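Asker: If you're matching positions, the sequence shown starts at 1 in UniProt numbering and goes up one per residue. Where is the CB? At the ideal position from N, CA and C, for every residue including glycine. Computed from a predicted model, the values in this text were never measured in an experiment.
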Amino acid sequence: MGRAGIRIQDGAAYMAGLEHCASPWACPICTPIIRSARRQDLTQAVDYWLQDAAHGLSMATLTTRHRKTDALTDNLDLIAGAWSALAGSQRWRRIKQAYGISHYVRAMEITWGPSSGWHAHLHVLLCHDRPLDDAAMDGLRRGLYESWAVSCERTGARRPSPRWGVDLRGITDTPDKAAKYLGKDPDGRPSHGIEQEMARGDAKRGRGRSIAPFELLDDDTINGLGEARARHLWLEYSDAVYRRRSITWSRHLRKEAGIGAEQDDEQIINRHMLGLNLIDLTRRQAKQLRAMPTVLATVMGLVETGEVPLAESVIQSVKG
């Protein structure tokens with residue numbers, strides 16, 4: 001394994017010198033590496049698509065009804081089944097034709113709230129062969145809702161409400177900002193654009209009273225929920241997401257955008273082991289950072305923006 005340290009590769013910081021599990025969901029070390037690589041692919045795809053001024057982008061967020069007592073595995077199975085039903089339906093084919101949808105990228109986001117339980121929803125980036133005006137966006141929103149509602153019911157989920165079942169917004173950001181929205185991390189870092197929203201689910205802090213998965217490992221959350229409850233929720237989460245894909249591309253988009261074949265999670269981890277080492281860590285420091293995901297996220301963010309001395313100061317200030 002070698003000496004523990006913080007390295008940077010392709011603009012993304014990560015911890016090296018440790019065993020790696022290649023989880024895109026539930027590892028403070030591997031998840032940011034994998035999500036950052038996915039974000040870079042998304043950035044390239046969004047950049048490619050928006051090079052043509054005649055193209056357009058929109059973001060759909062799809063949600064199913066859920067109860068506080070619902071198991072996360074059940075929620076994920078229902079939402080995955082509903083999407084499969086939607087993507088294979090005649091309704092979806094008609095929607096794609098009517099609104100010029102050539103490609104899409106789909107990502108899952110998960111949060112937990114004390115009053116609502118687990119909440120899983122899909123972000124779907126839609127690539128249009130033309131910009132959509134307000135009237136077209138309204139029509140697409142209605143069509144998506146009806147199709148999504150029917151698909152939910154067909155797979156055993158309750159019909160989503162018209163207000164919360166589907167959210168749709170046009171994307172008017174620059175390519176870089178647009179891509180950054182798609183890639184959220186689950187570690188509490190804010191997202192900064194479309195690719196960040198899609199790919200970095202590990203970095204996203206829950207809104208309001210909702211909690212992002214990695215926040216379940218933070219001292220403040222543990223103190224608020226109680227250690228036993230926080231541990232139970234984390235174990236439920238890590239079990240539920242095991243071997244699930246974090247991002248799915250429609251056929252031909254990667255090839256058309258010149259991105260190349262998609263690497264699996266293990267390949268991404270192995271490639272990033274070749275990065276430039278910037279900070280050496282003692283085993284004690286590495287253990288402390290792994291146990292404090294939001295502090296680790298802060299350190300990684302500082303390294304990625306070139307503020308290595310400040311990152312070192314944060315590491316030195318950690319007490320464990």
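(1) Going along the chain, which residues of its own chain have a beta-carbon closer than 6 Å to the beta-carbon of residue 3, five neighbours each way excluded?
(2) Does the structure place the region 93-104 close enough to the region 245-253 that three or more beta carbon pairs sit under 8 Å?
(3) Can you tell me where the beta strand (DSSP E) with residue 18 in it begins and where it stops?
(4) Assign residue 7 to buried or exposed, taking buried as 16 or more other Cβ atoms, counted over all protein chains shown, within 10 Å of its Cβ.
(5) What are the boundary residues of the beta strand (DSSP E) that includes residue 278?
(6) Residues bridged to residue 104 by DSSP?
(7) Within its chain, find whatever has a CB closer than 7 Å to the CB of residue 164; leave out the 5 residues flanking it on each side and keep chain order.
(8) Does the beta-carbon of residue 224 have 16 or more other beta-carbons within 10 angstroms, so that it is buried, or is it exposed?
(9) Under the rule that 16 or more other beta-carbon atoms within 10 Å means buried, what is residue 56, buried or exposed?
(10) Under DSSP, the alpha helix (DSSP H) around residue 285 begins and ends at which residues?
(11) State the CB to CB distance for the pair residue 9 and residue 272, rounded to an integer number of angstroms; the pair is presumed to be in contact (CB under 8 Å).
(12) Start and end of the beta strand (DSSP E) containing residue 60?
(13) With a threshold of 16 other CB atoms inside 10 Å of the CB of residue 35, please say whether the residue is buried or exposed.
(14) Distance, Cα to Cα, residue 269 vs residue 33?
(15) Can you check which of these residues, 247, 243 and 234, is closest to residue 125 by C-alpha distance?
(16) Can you grab the Cα-Cα spacing for the pair residue 155 / residue 84, in whole Å?
(17) Residue 169: which of 210, 111, 243 and 136 sits nearest, CA to CA?
(18) Note down, in chain order, each residue of its chain lying with its Cβ closer than 7 Å to the Cβ of residue 238, except the 5 sequence neighbours on either side.
(19) Taking C-beta to C-beta, are residue 213 and residue 305 nearer than 9 Å?
(20) Between residue 172 and residue 59, what straight-line distance do the alpha-carbon atoms span, to the nearest angstrom?
Answerer: Short version:
(1) The count along the sequence shown starts at 1 and reaches residue 3 at position 3. Contacts found: 17.
(2) With the cut-off at 8 Å, the region 245-253 and the region 93-104 touch.
(3) In the sequence shown, residue 18 corresponds to position 18, counting from 1. It is not in any beta strand (DSSP E) - residue 18 carries neither H nor E in the DSSP assignment.
(4) The residue given as residue 7 occupies position 7 in the sequence shown. The residue is buried, with at least 16 neighbouring Cβ atoms inside 10 Å.
(5) Translated into the one-based positions of the sequence shown, residue 278 becomes position 278. Element bounds for residue 278: 276-280.
(6) One-based indexing of the sequence shown puts residue 104 at position 104. The partner list for residue 104 (beta bridge, DSSP) reads 126.
(7) What you label residue 164 is simply residue 164 of the sequence shown in a count that begins at 1. Only 63 meet the Cβ criterion.
(8) Here residue 224 corresponds to residue number 224 of the sequence shown, with the count starting at 1. Exposure of residue 224 is indicated by the presence of fewer than 16 other C-beta atoms within 10 angstroms of its C-beta.
(9) Taking the first residue of the sequence shown as 1, we reach residue 56 at position 56. Residue environment analysis places residue 56 among the buried positions, since at least 16 neighbouring C-beta atoms fall within 10 angstroms of its C-beta.
(10) Along the sequence shown, one-based indexing puts residue 285 at 285. In the DSSP assignment, residue 285 falls within the unbroken alpha helix (DSSP H) covering 283-290.
(11) Taking the sequence shown and counting its residues from 1, one reaches residue 9 at position 9. Taking the sequence shown and counting its residues from 1, one reaches residue 272 at position 272. Sure, about 5 Å apart at Cβ, within 8 Å.
(12) Against the sequence shown, residue 60 aligns to sequence position 60. DSSP places residue 60 inside the beta strand (DSSP E), whose first and last residues are 56-63.
(13) As a working note, residue 35 is residue 35 in the sequence shown. So residue 35 ends up on the buried side.
(14) For the purposes of this step, residue 269 is identified with residue 269 of the sequence shown, where counting begins at 1. For the purposes of this step, residue 33 is identified with residue 33 of the sequence shown, where counting begins at 1. Straight-line measurement puts the Cα of residue 33 at about 7 Å from the Cα of residue 269.
(15) Residue mapping note: residue 125 aligns to position 125 of the sequence shown, counting from 1. The residue from 247, 243 and 234 with its alpha-carbon nearest to that of residue 125 is 247.
(16) Counting from 1 along the sequence shown, the entry for residue 155 is found at position 155. Counting from 1 along the sequence shown, the entry for residue 84 is found at position 84. The straight-line gap separating the alpha-carbon atoms of residue 155 and residue 84 is approximately 9 Å.
(17) Locating residue 169 in the sequence shown gives position 169, counting from the first residue. Its Cα nearest to that of residue 169, the residue 136 stands out among 210, 111, 243 and 136.
(18) Mapped onto the sequence shown, residue 238 falls at position 238. Taking residue 238 as the centre and dropping the five residues before and after it, the same chain places the C-beta of 26 closer than 7 Å to its C-beta, in chain order.
(19) One-based indexing of the sequence shown puts residue 213 at position 213. One-based indexing of the sequence shown puts residue 305 at position 305. Taking a C-beta distance under 9 Å as the contact criterion, residue 213 and residue 305 do not qualify as a contact pair.
(20) To locate residue 172, count along the sequence shown from 1; it is residue 172. To locate residue 59, count along the sequence shown from 1; it is residue 59. Across the structure, residue 172 and residue 59 are spaced so that their CA atoms are roughly 11 Å apart.
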